[in-house]
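Residues in the sequence shown are numbered from 93 upward in steps of one, following our numbering. Taking it in order: structure first as structure tokens, then the write-up.
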Amino acid sequence: MKAIFFSIIICCAFAINSIAQTSTTLPVLTIEGNLKCSSCAIKKTQGAKAQCSIHGHQLSFVTQKVSDSNGKEFEQYKEQVFTILLNDSSKDLVDEKNLSKKITIKGKIYDSDNMIEVETFNSTNL
Ligand SMILES: [Zn+2]
93 MKAIFFSIII
103 CCAFAINSIA
113 QTSTTLPVLT
123 IEGNLKCSSC
133 AIKKTQGAKA
143 QCSIHGHQLS
153 FVTQKVSDSN
163 GKEFEQYKEQ
173 VFTILLNDSS
183 KDLVDEKNLS
193 KKITIKGKIY
203 DSDNMIEVET
213 FNSTNL
């Protein structure tokens, strides 16, 4: 019985350690900006064969200002284009109805894939 108990404890310790190693410690940032359709943008500027009227818009997030909880701004994220990670927290954000709105996201930036993970957001009309 004692051996089983300790085996369970050891397994739990490994599981917790494994979770800790895969969880990220990225800070939650305040990310201000707006959505744009990348397809429409490159169609307009470079003549890409976008067909948004048939296939829908491909929405990206353009940052205006990114800061941490202490108010420190990150200039390297200014005017950058990101993909929004699709999940339950972002599904209402990535919507054409938000194309003409100013959006403030509380979330994390994953530099490796230029993605934003949304925790919360709010939007206001421009
Ligand atoms: Zn479009």
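Backbone N, C-alpha and C fix where the C-beta goes; we use that ideal spot for every residue, glycine too.
- Looking only at A142, Y202, V158, the smallest Cα-Cα distance to A133 is reached by A142.
- In this structure, the C-beta of Q150 approaches ligand 1 to less than 8 Å from one of its heavy atoms.
- Just so you know, the alpha carbons of K136 and N206 end up roughly 23 Å apart.
- Taking C-beta atoms under 8 Å as the contact rule, E165 and V154 fail to qualify, at a distance of about 16 Å.
- At a cut-off of 8 Å, the beta-carbon of S204 does not count as near ligand 1: no heavy atom of the ligand is closer than that.
- In terms of CA proximity to G163, I123 leads the group I146, E209, I123, L118.
- With a cutoff of 9 Å on beta-carbon distance, H147 and L191 are scored as not near each other.
- Residues V120, S181, K198, G199 of the same chain have their beta carbon placed closer than 7 Å to that of E211, with the five preceding and five following residues left out of the count.
- Taking every protein chain shown into account, the CB of G139 has fewer than 16 other CB atoms within 10 angstroms, so this residue is exposed.
- Here the C-alpha atom of L118 lies approximately 37 Å from the C-alpha atom of S145.
- Where T155 is concerned, the enclosing beta strand (DSSP E) starts and stops at 151-159.
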